[in-house]
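Enquirer: Counting in this note's numbering, the sequence shown runs from -11 upward without gaps.
Glycine included, each C-beta is placed from N, C-alpha and C at the ideal position.
Fair warning: this is a prediction, and the values are worked out from it, not measured in the lab.
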Amino acid sequence: MSWLDRPSGLSDPAHYTDAADGTERLLRADAARHYSLLEFAPYGETAQQTQQFKAEAAQLATKWGRHESVALRTIWQQLQNAITQFDVTPEQARRQFQQLHSAAGTGEGSSLLWRSWRQAAELTGHFEPGITGSEQDSARWQPVGKSPDPHAAPTALERALGATSALLGNDDVDAIISGQDVTASHDTSARAAHLAAVPTQRQALQRLQDLYAEHTRTAESHSAFTEYGLAKVDELEGILANARQARVAAAHAGAPVEVIRAVQQAGIGGAYWHERPGDPRRHAAEQAPNLHVIARDAHVETGIAPDHDLGPPAPTLIDAGRPGGGTEIGEALHAAVAASEHADWPSLERYHADPAPPAIEPSPDLGP
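Laid out in structure tokens, this is it:
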């Protein structure tokens, strides 16, 4: 018997001491197991184990959702509705839970409805009852034969950290080493394939939004309550169960809580991912300015033109040593001097940056 098959905690009927009868205790224990199976199904070690978890959860839903007793069917539906509300709108569900808690304290509210909401809050992690003990600590025990002195009074350190265990022998050490060798020799290819099949963050968010949109549109396709049959209820419950699994998968894929809530609200509004993705990060990326366009516009506004060909470089003094070089230089100098005779020298003086100060004439010598 595995730990999932062993009733403990919320899946143990003995946990619900305030239930009306044994049937209600069994129903609430099966509801807790149904929730756990749906939470653990995507993380099964093999595909067969995943299908086994889903099949067992479907059997529990059929057992109580189609029970011959109307009262038991009502309790089951109340539990599922409360769990869904805690998963979809936790703040609103928390306020309603506080109202039911206040009404139950004064004796004005329904004790049955209060028990269903309290269990839903415990299952979804929104309510922590008073801790009176830990099952993990209660399972700690030491064999009497290995205790040095079972009648000895525990010391302060033992009371704080627990009783000391006896030293391991050689046989115990060999058994531990052998067990580790067997574990290390197991084939991990199936596990690697399972990890490779884990959806990406975008795929998980898209599936989450599409499932909630499908649930909303399926529920709104029938306006009259009389049109809802058991087949329609089973269909809606199956879609909602898959949506819860998609929410868990999105969280394990690394999606932030606010993004998951935004995508979930978009799906509840009836919008599919291909119509309007609910991820706010996609909208921010689409609205971000295009840096290439900004750089191109800035280049045009500044008037920076591309480099043009400036032609061949001017001749250097080395070219003067070539044949005919001295004659060409002399002709160029004569042409420059001739052009300077007609130059507008006053115009050049106007643009002189630092004109020379006027000359100061010496004063005549007045003598002694």
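(1) Could you tell me the alpha carbon to alpha carbon distance between Gln40 and Pro265, rounded to whole angstroms?
(2) Would you decide whether Thr5 is buried or exposed? Buried here means 16 or more other CB atoms lie within 10 Å of its CB.
(3) Do the CB positions of Gly255 and Gln189 come within less than 8 Å of each other?
(4) Return the Cβ separation of Glu12 and Ile71 in integer angstroms, given the expectation that the two are a contact with Cβ distance under 8 Å.
(5) Is it the case that the segment 99 to 106 contacts the segment 40 to 58, given that we only count it when at least three CB pairs across the two stretches are under 8 Å?
(6) Let me confirm a value: Ile165 is counted as buried when at least 16 other C-beta atoms fall within 10 Å, else exposed. Which label applies?
(7) Compare the C-alpha of Leu111 against each of Pro30, Tyr23, Ala144 and name the closest.
(8) His203: buried (16+ other C-beta within 10 angstroms of its C-beta) or exposed?
(9) Would Ala29 and Lys42 be called neighbours here (beta carbons separated by less than 8 Å)?
(10) Using a Cβ-Cβ cutoff of less than 7 Å, which residues in the same chain neighbour Ser(-1) once the five nearest sequence positions on both sides are dropped?
(11) Nearest-angstrom Cα distance between Gln87 and Thr77?
(12) Can you list, in chain order, the residues of its chain with a C-beta nearer than 8 Å to that of Gly258? Leave out the 5 residues immediately preceding and following it.
(13) May I ask you to report which of helix, strand or coil DSSP gives Ser57?
(14) Could you give the DSSP three-state label for Ala259: helix, strand or coil?
(15) Just curious, the alpha helix (DSSP H) that Leu196 is in, first and last residue?
(16) In its own chain, which residues sit with a C-beta less than 7 Å from the C-beta of Leu359, not counting the 5 before and 5 after it?
(17) Quick one: give me the first and last residue of the alpha helix (DSSP H) that Leu26 is part of.
(18) Cα-Cα, which of Ala238, Val247, Val245, His262 is closest to Tyr31?
(19) For Gln252 and Arg235, which I take to be in contact (beta-carbon distance under 8 Å), what is that distance rounded to the nearest angstrom?
(20) For the alpha helix (DSSP H) containing Arg232, name the first residue and the last one.
(21) Assign Phe115 to one of three DSSP states: helix, strand, or coil.
(22) Relative to the C-alpha of His240, which candidate in Asp162, Glu27, Ala229, Gln37 has its C-alpha closest?
(23) Mark Leu218 as exposed unless 16 or more other C-beta atoms lie within 10 angstroms of its C-beta, in which case mark it buried.
(24) Please say whether Gln68 and Ala81 have beta carbons closer to each other than 8 Å?
(25) Is the separation between the beta-carbon of Asn230 and that of Leu199 shorter than 8 Å?
(26) Smallest Cα separation from Gln197: which of Arg83, Ile248, Gly157?
Expert: Quick look at the numbers:
(1) 33 Å
(2) exposed
(3) no
(4) Contact between Glu12 and Ile71 is absent: CB atoms are separated by about 17 Å, not below the 8 Å threshold.
(5) No, they do not touch.
(6) exposed
(7) Tyr23
(8) buried
(9) yes
(10) If the five residues before and after Ser(-1) are omitted, its C-beta is found closer than 7 Å to the C-beta atoms of Ala17, Ala20, Arg21, Ser24, all from its own chain and listed in chain order.
(11) 16 Å
(12) If we look at Gly258 and ignore the five residues flanking it on each side, its Cβ neighbours are Ala201, Thr204, Arg205, Glu208.
(13) coil
(14) In the displayed model, Ala259 falls within coil according to three-state DSSP, outside both helix and strand.
(15) Membership of Leu196 in the alpha helix (DSSP H) is indicated by the continuous run 189 to 208.
(16) One cannot answer for residue 359 here, as it falls past the ends of the chain, which runs -11 to 356.
(17) 10 to 28
(18) With distances taken between Cα atoms, Tyr31 lies closest to Ala238.
(19) Indeed, because the Cβ distance is near 7 Å, the residues count as touching under 8 Å.
(20) 218 to 240
(21) coil
(22) Glu27
(23) With fewer than 16 Cβ atoms within 10 Å of its Cβ, Leu218 is classed as exposed.
(24) no
(25) yes
(26) Ile248
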